[in-house]
Structures are given as C-alpha cells and as structure tokens.
Amino acid sequence: MKKTAFFILMILVLSGCAEKSPSIISPTLSPTTDPCPVEQIEQFIAAADDAMYRFTQLAQQADATPAEDLESTIKEMQVIEAEAKEIDPPSCALEAESALTSYMWTKIQGYFRLFVQELELGITPEVYTNNKPTADDEFTLAASKLEYYETKMEELRNLLLEKSKSE
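Under my numbering, the letters of the sequence shown match residues 1 to 167, in that order.
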C-alpha cells in the first residue's frame, strides 16, 4: 500500500515538473485561397473518369465470364479500386471520390460472391442465402451507389462550370 501511494505521489510530482507543452497552431487558409481550384477539380474529374471507364470495361468483361473464372478479373478490378483510392481530390470532390471507391468495392463484392457461390459446390444464389448477402444483393446496392456517384460527379461538373464562368 505504501509503495503504491509513493508511486502515485512520484508521478504527480514528476508530471508537475514537466515543461508546458507548446500550443499547437493550426494552419489557416487565407481568405483569398480557394480550397477547390478549377485545376484540381479538372484533374480529379479526369482521373475519376479514367478509373470509372477502366472499371466499367472490366465489369462488362466480368458479366460475360463464367463465375468460376472471375478470379483474375476481380483482381484487376481491385487494382483499379486501389488506384481510385489514391486519387487526391480537392475538398469539394471528397464525396465524389468516396462514392466512386464505395461503388467499386461493392461491385467487386458482388463478383466475389458469385465466384465463392460457384466454388461452394455450384450452389445457386437462391439456395445460398442463409442470411448472407447474395451477389444480387451486392449488385443492387452497387447500382444505388453508382447512381449516387453520378449525382456527385454531376454536381462537381456544375461547380466547375460555375467557377470557369466566374474567372
């Protein structure tokens, strides 16, 4: 008991002797700095459009591929998803970038579920459920995420038009 009390007392004494920590100064943007300049919006849109185009091509390829042969296509889709996550969006494009990668991830999960369902003794999606999401569930969710992404990209393109007109 005495050792514990002594130990606590020493901690309090030593912590009182420590130097005062410097206050953290947060960077502030000057009022003239645009957090979402036209050039960055254009770069983001170009990068996102390229990633989406390549991903869509692979999705079309996956749609035409037997489930048991989806592994290599899924891996290629994952590479594009990782590249999309590396896109550095301006602050006004964060939602669009997040929507893009969320859509890609969900679409990949759908193809992965198709692949796994086929590996599990050729079980059809109707029999597979057991309270697990099916590939069809993932594809339905992916479609709604794609719609959201397209809405966010349209908003971003409109913002770009407005900013271009005002310059």
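Every residue gets a Cβ at the ideal spot worked out from N, C-alpha and C, and that includes glycine. As the structure is a computational prediction, the values presented were derived from the model and not from experiment.
Spatial distance of residue i from residue j (CA atoms)
i: leucine 156; j: proline 37; result: 12 Å
i: alanine 96; j: glutamine 117; result: 32 Å
i: asparagine 158; j: alanine 142; result: 24 Å
i: glutamate 68; j: glutamine 61; result: 14 Å
i: cysteine 92; j: phenylalanine 44; result: 10 Å
i: arginine 113; j: threonine 73; result: 13 Å
Unbroken alpha helix (DSSP H) run spanning residue i, endpoints
i: aspartate 69; result: Neither: aspartate 69 is in no alpha helix (DSSP H) and is coded neither H nor E.
i: lysine 107; result: 94 to 119
Residue i burial status per 10 Å Cβ neighbour count (16 or more: buried)
i: tyrosine 53; result: exposed
i: leucine 170; result: This structure gives no information on residue 170, because the portion of the chain shown stretches from 1 to 167.
i: threonine 33; result: exposed
i: proline 66; result: exposed
i: lysine 145; result: buried
i: proline 89; result: buried
i: leucine 161; result: exposed
i: glutamate 39; result: exposed
Three-state secondary structure (DSSP) of residue i
i: glutamate 162; result: helix
i: aspartate 34; result: coil
i: lysine 132; result: coil
i: leucine 63; result: The residue you asked about is not leucine; residue 63 is aspartate in the sequence shown. Three-state DSSP puts aspartate 63 in a helix.
i: glutamate 86; result: coil
i: glutamate 167; result: coil
Closer than 8 Å: residue i CB and nearest the ligand SAH heavy atom
i: alanine 99; result: Ligands in the displayed structure: none, and consequently the ligand SAH is not present.
Under 8 Å: do the region 105 to 112 and the region 62 to 78 share three or more Cβ pairs, one atom per stretch?
yes
Check whether the region 82 to 102 and the region 138 to 153 are in contact - that is, three or more C-beta pairs closer than 8 Å.
The region 82 to 102, when compared against the region 138 to 153, does touch it at the 8 Å Cβ threshold.
Tell me, please, whether the region 79 to 95 touches the region 43 to 62 by the rule of three or more beta-carbon pairs shorter than 8 Å.
yes
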